[in-house]
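In what follows, a structure is listed as structure tokens, so that the remarks can point back to it.
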Amino acid sequence: VLAIMGWIGNLQNKPVHLRHNSCVDINLLSLEYYKTMVNPPSIRKGTKMNLWQLTDKDSKIEGYVSVPIFTLSENRELIETEVEAYVVPQMSVPILLGEDYQLNYELTVKWSNKQGVTILYGDQDKYSVKATLAKNHRCEKNRCKQKLHQKIDKIHLAYASCDVRIPAHSSKLVKVVLPSEVKEQWVIENNLIPNSPFSYLLVPNMLVEAGKLTRIPLSNLTSTPKMLRKGDIIGMIHQASEYFDSPQNDMHHEGISKTAMLMEKL
């Protein structure tokens, strides 16, 4: 069993250890943790819950939820996935991510004597996350949380300001909320917002002005309508002055100008 640090639901919730266990087929979310979440998703009941109870008559579950999972890669990129988990009381950990989640996102594990254990999303090195063995993760709990809080302080995010329905094969302007401390021009980084393990909403790179009503075009490339909920993360934002290349000297300035002129002609 491996554990990585991350957030369940949204970044307003406290970071917790996300346990990965390939010996479990399904995903389980602690009912006690669910009750502490900020803006938790609604618990659903239905066929899926009844089928699971039939296979384990001693189980007591409240239902199931679809909830985003966030974690930071070793390159400080925010990774967002989505999981469908059964809500179970009296769990000893906040969440248990089983084989279903690991297969959906093609997770692989790398072991190194120097770097330790890392989990790769989609078997891509740029989406690697530091992991610890579950038996050791309690010893590193406070240190990992402190590091995560330091990193999240440096990350700025844009959120959807209201619920929006985006029709199939369409784009729609979505009002977003920027951090209150934003005082200048910022760049919203292109992003894929997962609606399920196999469908996404597309967010383009966009320059936004602080203090003005900000709308971002979101594209639904699937053949079914998709919902974006109030408070959902649109993407990371960066200071424009730091995001774009700036000339370091006259020669560099000349090179940038030539590249810009070439792009303008294309």
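Just add 75 to wherever you are in the sequence shown, counting from 1, and you've got this note's numbering.
Beta carbons are placed, not taken as given, at the ideal position from N, Cα and C, and that holds for glycine.
Source: prediction; values computed, not measured.
query: Among the residues of its own chain, which have a CB less than 6 Å from the CB of His313, if the five just before and after it don't count?; result: Val262
query: What is the residue span of the alpha helix (DSSP H) that Ala315 lies within?; result: Ala315 to Tyr318
query: Would you mind giving the Cβ-Cβ distance between Asp238 and Lys305, rounded to the nearest angstrom? I have them listed as a contact below 8 Å.; result: 5 Å
query: Do Ser342 and Val163 have their C-beta atoms closer together than 8 Å?; result: The requested residue 342 does not occur in the structure, where the chain is confined to residues 76 to 341.
query: Could you pull the start and end residues of the alpha helix (DSSP H) that Asn179 belongs to?; result: Glu174 to Asn179
query: Tell me whether Glu215 sits in a helix, a strand or coil according to DSSP, three-state version.; result: Since pLDDT at Glu215 reaches only 43, below the 50 mark, its modelled position is unreliable, and no value is offered.
query: Mind checking Arg233: buried by the 16 CB within 10 Å criterion, or exposed?; result: At residue 233 the sequence reads Ala, which differs from the Arg that was named. Under this definition Ala233 is a buried residue.
query: Ser246 bridges to which residues according to DSSP?; result: Ser294
query: Alpha carbon to alpha carbon, how far is Lys120 from Asn114?; result: 19 Å
query: Specify whether the stretch 81 to 96 and the stretch 166 to 180 touch according to this definition: at least 3 beta carbon pairs, one from each stretch, less than 8 Å apart.; result: yes
query: Measuring CB atoms only, is the stretch 192 to 201 touching the stretch 148 to 155, in the sense that at least three cross pairs come out at less than 8 Å?; result: yes
query: Compare the Cα-Cα distances from Glu259 to each of Leu282, Val278, Val184 and Ser274 and report the closest residue.; result: Leu282
query: Could you tell me if Phe319 is buried or exposed, where buried requires 16 or more neighbouring beta carbons within 10 angstroms of its beta carbon?; result: exposed
query: Could you please give me the residues that DSSP links to Val269 through a beta bridge?; result: Note that residue 269 corresponds to Pro in the displayed sequence, not to Val. Looking at the DSSP assignment, Pro269 forms a beta bridge with Tyr275.
query: Spatial neighbours of Met112 within its chain, please: CB distance less than 6 Å, with the 5 preceding and 5 following residues excluded, ordered by chain position.; result: Gly84 and Asn88
query: Looking only at C-alpha atoms, which of Tyr180, Ser245 and Thr334 sits nearest to Leu277?; result: Ser245
query: Give a yes or no on whether the C-beta atoms belonging to Gly197 and Glu264 are separated by under 8 Å.; result: no
query: In the DSSP assignment, find the unbroken alpha helix (DSSP H) run with Glu107 in it and report its ends.; result: Leu106 to Tyr109
query: Could you tell me if Asn324 is buried or exposed, where buried requires 16 or more neighbouring beta carbons within 10 angstroms of its beta carbon?; result: exposed
query: Could you pull the start and end residues of the beta strand (DSSP E) that Arg94 belongs to?; result: Val91 to His95
query: DSSP state of Ser141, grouped into three classes?; result: strand
query: Closest by CA to Ser274, which one among Thr289, Val252, Pro292 and Ser298?; result: Ser298
query: Return the first residue and the last residue of the beta strand (DSSP E) that Arg240 is part of.; result: Val239 to Ile241
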